[in-house]
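Residue numbers (our numbering), protein chains in the order written: chain A, 867 to 1249; chain B, 57 to 350. Glycine included, C-beta positions come from ideal geometry on N, C-alpha and C. Heads up: the structure comes next, in structure tokens.
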């Protein structure tokens, strides 16, 4: 789960990482009230999960209430690369002497954590990474051992942070590491990490991605769930606990396992169709899950045919078949469907499906044939 | 021959008394796998259809001589279960659990590397391993695999692993061992480990590899194949049509920029002399053609 900046800052604050005083505003009046609390001058920042919001006019400085009204009014409702701004973060504007960069994430190739610190933070950090990789100090951390003060000090020295910033940066790095590990984040990133003219170091931005697999030990994450970012289909799928990604085609896809689901999208494309979505019902999916999946696909008006591609391992064929039967009883499925069922208990499943087979509910033995049939039922291949 | 597991593999199932553990553990047993013990803390002394249950892996090993573990434990306790098996001296651990927190997984992997170098972990979040006719640990339906070789299969995706086995069976092509390495961020066993094992196995004459978008393991495999593998390799990469930047379910399947795209992986593999195909059916057909000419 990606957090918005304001949520990331709230999460940082839990671990004692210094952030600017500020508040959330959904209206112009709220923005003025938050600005008053934070103290002028303030920065008004669009809360969207996409980069480049500054260049798009989503970050503005305001010296007084009139300027807050003007800018907040402009930013709310602004479309930034397809993300409509519904919420603002208003914080006291910081004086900036220097901008640094700090992050922790998993380096999958090394199978260890990777800490990165740079004295050249700010909007151009990706260009710095490309053009001058040595300007970013890197340290691999063994997750079984951890990250201590000496590691943090080594990093800030290697990165060449200014002498007056080093103690503050070391302290923040240690807290940021705790936020990363104890906070069960996949990524924590501060860009920029700033040094003020008074010699204070603090986080001016916050990028946090939480590990959804760890949600069971973080009941406090519930408050972060903001589903405004999803499209309507994704919102429905999410509420039913399904792995769903909306695409722009016309063949609805339901498969078990991310690999098979991706492969199913590929094969539909190869035979001239276009997938309307990627939907992975996961391992061990039962009748209820299948029925939910069909409801989500059914809600998509672009779908002209449905391709259900199940290869049973943990998922059992008869459960899948029962789910399809249940779904057909529960909702009127608007599109014809092709079902390809194989693997664990597939024969039992196919037997159950015979009850509901018709010219709109078809079984097909192979993935390629099923894909062809689904595309045909959807009205044929696109040119 | 086969790799990693064979008819002499004796398996303890951690979580045998749970729903999934019981279903798949007993199914593995019915396939002919030597399932010698189960472990569930607090349930020692019971049995599951004749398979004795112990409180700890160490007790199970002492009583039965188990030399492999099948971890079917919920995400909360899975990392601890893996480390318990390693501490009990189990050299081969298969973990099918999906949804283990990334930090638990990264820690467990590094503890294994540092403290139990003799232990190999397969997974987590994988379908397991099957040496057809000899041993099946995990969730693969055994009847979809034809025993006897000469093909070794390694796959990152569970359902594509079954698809790979099934396509070959339809064509009458047998398999020495089929390994599902799983799509999690920190897999215990990767493509290169499996390619090396297949290269060393005299009965495996050709290798089928199923990858997917995200990460760089397929690119590493391509490097390894170019340098170390002289057996023919067929590869399929899922996710050609995945939109960039969208997360497609697996923690592993994330594309960033051009790195990790299906196209980049296919090009790297083709450059290493691998037969790169466009879908699982083609993978089977190409492999059948290769096997015919062996």
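Give the list of continuous alpha helix (DSSP H) stretches no shorter than 4 residues that lie fully inside the stretch 217-285 of chain B. Within the stretch 217-285 of chain B, the complete alpha helix (DSSP H) segments of 4 residues or longer fall at 247-256 and 273-284, listed in chain order.
Could you give the distance in angstroms between the alpha-carbon of residue 1028 of chain A and the alpha-carbon of residue 985 of chain A? The straight-line gap from Cα to Cα measures roughly 8 Å.
Return no unless some Cβ of chain D is closer than 8 Å to the Cβ of residue 974 of chain A. Included in the structure are the protein chains A and B, with no chain D among them.
Checking the sheet assignment: what are the DSSP bridge partners for residue 1203 of chain A? According to DSSP, residue 1203 of chain A shares a beta bridge with A:1172 and A:1227.
Reference residue 1052 of chain A; option with closest CA among A:981, A:1158 and A:1110: Among A:981, A:1158 and A:1110, the Cα nearest to that of residue 1052 of chain A belongs to A:981.
Please report whether the beta-carbon of residue 174 of chain B lies at a distance below 8 Å from any beta-carbon of chain A. No, residue 174 of chain B does not count as interfacial toward chain A.
Thinking residue 343 of chain B and residue 231 of chain B are a contact (beta carbons under 8 Å), I'd like their distance in whole angstroms, please. In this structure residue 343 of chain B is not in contact with residue 231 of chain B, their Cβ atoms being roughly 10 Å apart against a cut-off of 8 Å.
Restricting to runs no shorter than 3 residues, where is the beta strand (DSSP E) found entirely within the stretch 1052-1140 of chain A? Fully enclosed beta strand (DSSP E) runs of 3 or longer: 1067-1069, 1073-1076, 1109-1112 and 1117-1121.
Using a beta-carbon distance below 8 Å, is residue 263 of chain B in contact with chain A? Not one beta carbon of chain A lies nearer than 8 Å to the beta carbon of residue 263 of chain B.
Under a Cβ-count criterion, where at least 16 other Cβ atoms within 10 Å of its own Cβ denotes burial, should residue 962 of chain A be classed as buried or exposed? A residue is called buried when at least 16 other Cβ atoms come within 10 angstroms of its Cβ; residue 962 of chain A does not meet this threshold and is exposed.
Report the option in A:1136, A:1186 and A:1143 whose CA atom is closest to the CA atom of residue 1170 of chain A. The residue among A:1136, A:1186 and A:1143 with its C-alpha nearest the C-alpha of residue 1170 of chain A is A:1143.
What does DSSP give as the partner residues of residue 182 of chain B in its beta bridges? Paired residue(s): none; residue 182 of chain B is not in a bridge.
Rounded straight-line distance, which links the Cα of residue 1231 of chain A to that of residue 1225 of chain A: One alpha carbon belongs to residue 1225 of chain A, the other to residue 1231 of chain A, and they sit about 16 Å apart.
Using the C-alpha atoms, what's the distance from residue 938 of chain A back to residue 1132 of chain A? In this structure, the alpha-carbon of residue 1132 of chain A lies about 44 Å from that of residue 938 of chain A.
When the cut-off is 8 Å and only beta carbons count, does residue 1152 of chain A lie next to chain B? It does not; no Cβ of chain B falls within 8 Å.
Helix, strand or coil: how does DSSP classify residue 906 of chain A here? If DSSP states are grouped into helix, strand and coil, residue 906 of chain A belongs with coil.
To which residues does DSSP link residue 70 of chain B through a beta bridge? Beta-bridge pairing links residue 70 of chain B to B:95 and B:127.
Classify residue 72 of chain B as buried or exposed, calling it buried when 16 or more other Cβ atoms lie within 10 Å of its own Cβ. Label assigned to residue 72 of chain B: buried.
Should residue 976 of chain A go down as buried or exposed, given a rule of 16 or more other Cβ atoms within 10 Å for buried? The residue is exposed, with fewer than 16 neighbouring Cβ atoms inside 10 Å.
Going by other Cβ atoms of all chains shown within 10 Å of its Cβ, with 16 needed for buried, is residue 893 of chain A buried or exposed? By the 16-neighbour rule on beta-carbons within 10 angstroms, residue 893 of chain A is exposed.
Collapsed DSSP secondary structure at residue 83 of chain B in the structure displayed: Note: residue 83 of chain B maps to helix in three-state DSSP.
Just to confirm, are residue 873 of chain A and residue 1090 of chain A a CB contact at a threshold of 8 Å? The beta carbons of residue 873 of chain A and residue 1090 of chain A sit closer together than 8 Å.
Nearest chain A C-beta to residue 251 of chain B closer than 8 Å, yes or no? For residue 251 of chain B, the answer is no, since every Cβ of chain A falls outside 8 Å of its Cβ.
For residue 88 of chain B, the first and last residue of its enclosing beta strand (DSSP E): Premise fails: residue 88 of chain B is in no beta strand (DSSP E) and is neither H nor E.
Cα-Cα, which of B:236, B:116, B:223 and B:128 is closest to residue 352 of chain B? Nothing about residue 352 of chain B can be reported from this structure: the residues present for chain B run from 57 to 350 only.
Kindly indicate if chain A contains any beta-carbon less than 8 Å away from that of residue 132 of chain B. So yes, residue 132 of chain B belongs to the interface.
Over what stretch of residues does the beta strand (DSSP E) that includes residue 931 of chain A continue unbroken? If you look at residue 931 of chain A, you'll find it isn't in any beta strand (DSSP E); it sits in the alpha helix (DSSP H) that goes 931-941.
Compute the distance between the beta-carbons of residue 1203 of chain A and residue 1176 of chain A, then report whether it is under 8 Å. Cβ distance not < 8 Å, so residue 1203 of chain A and residue 1176 of chain A don't count as in contact.
DSSP state of residue 1218 of chain A mapped onto helix, strand, coil: Helix, per DSSP.
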